[in-house]
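Colleague: Mapping the sequence shown onto the working numbering, position 36 (from 1) lands on 1252, and the numbers just tick up by one. After the structure tokens below, expect a handful of questions from me.
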Amino acid sequence: MKKILLLPVLLLFAFTELQAQQFKVVTSVESIVPNGLGRSRIVNALEEKDYKEYTSVQTEEDKTRNKSDRGEIRVKNFEETKLLNFFNIGGIRFQNIAANDALISSMINSHIAEGWELAFVTSAVESAGKGDGNGIFITRYIFKK
């Protein structure tokens, strides 16, 4: 009896493992530039690229270089959703942060409704260092199906 039950379970597990997962990355860039001078956006590529086309292999014996032009890497079809900057002339605008949160939540909910699952979120801040009031806050939302 155990063998009869074990076979369907193993087949189901094998089928599940064979299905490839698909990933999608959406990036938000929020400006940390005073006086509202920066640009903040959610960026979503609408076309796929094969990284192998832009990858070269370099070894001691044989250095091969990819012959593709860097301009070919650019994605020309993408969505760009405007966000508000963190700062304006008066300083930090918490209302802008709340508005950005609402737009980012809407983007996440839209992807979930399309069958994507939010798998990972990673973020970072770029600034030149001490005393530099300029920079960006970047967040990558990684979805999977």
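All C-beta atoms, glycine included, are put in the ideal place defined by N, C-alpha and C. Since the structure is predicted, the reported quantities are computational estimates derived from the model, not experimental observations.
Please name the residue or residues paired with G1351 in a DSSP beta bridge.
Modeller: S1343
Colleague: By the DSSP assignment, the alpha helix (DSSP H) with A1314 in it spans what residues?
Modeller: F1310 to A1329
Colleague: If I'm right that I1328 touches L1319 with Cβ under 8 angstroms, what's the distance once you round it to whole angstroms?
Modeller: A Cβ-Cβ separation of about 15 angstroms leaves I1328 out of contact with L1319 under the 8 angstroms criterion.
Colleague: Does the separation of the CB atoms of E1296 and V1259 fall below 8 angstroms?
Modeller: yes
Colleague: Given a threshold of 16 other Cβ atoms within 10 Å of its Cβ, counted over all protein chains shown, does I1248 qualify as buried or as exposed?
Modeller: buried
Colleague: Determine, using beta carbons only, whether Q1274 and K1360 come nearer to each other than 8 angstroms.
Modeller: no
Colleague: Check the DSSP bridge columns for R1356 and list the partner residues they point to.
Modeller: T1243 and T1338
Colleague: Check whether the Cβ atoms of K1292 and R1257 lie closer than 8 angstroms to each other.
Modeller: no
Colleague: Measure the Cβ-Cβ separation of N1316 and N1251 and say whether it is below 8 angstroms.
Modeller: No, the Cβ-Cβ distance between N1316 and N1251 is not below 8 angstroms.
Colleague: So what does T1297 bridge to, in DSSP terms?
Modeller: I1258
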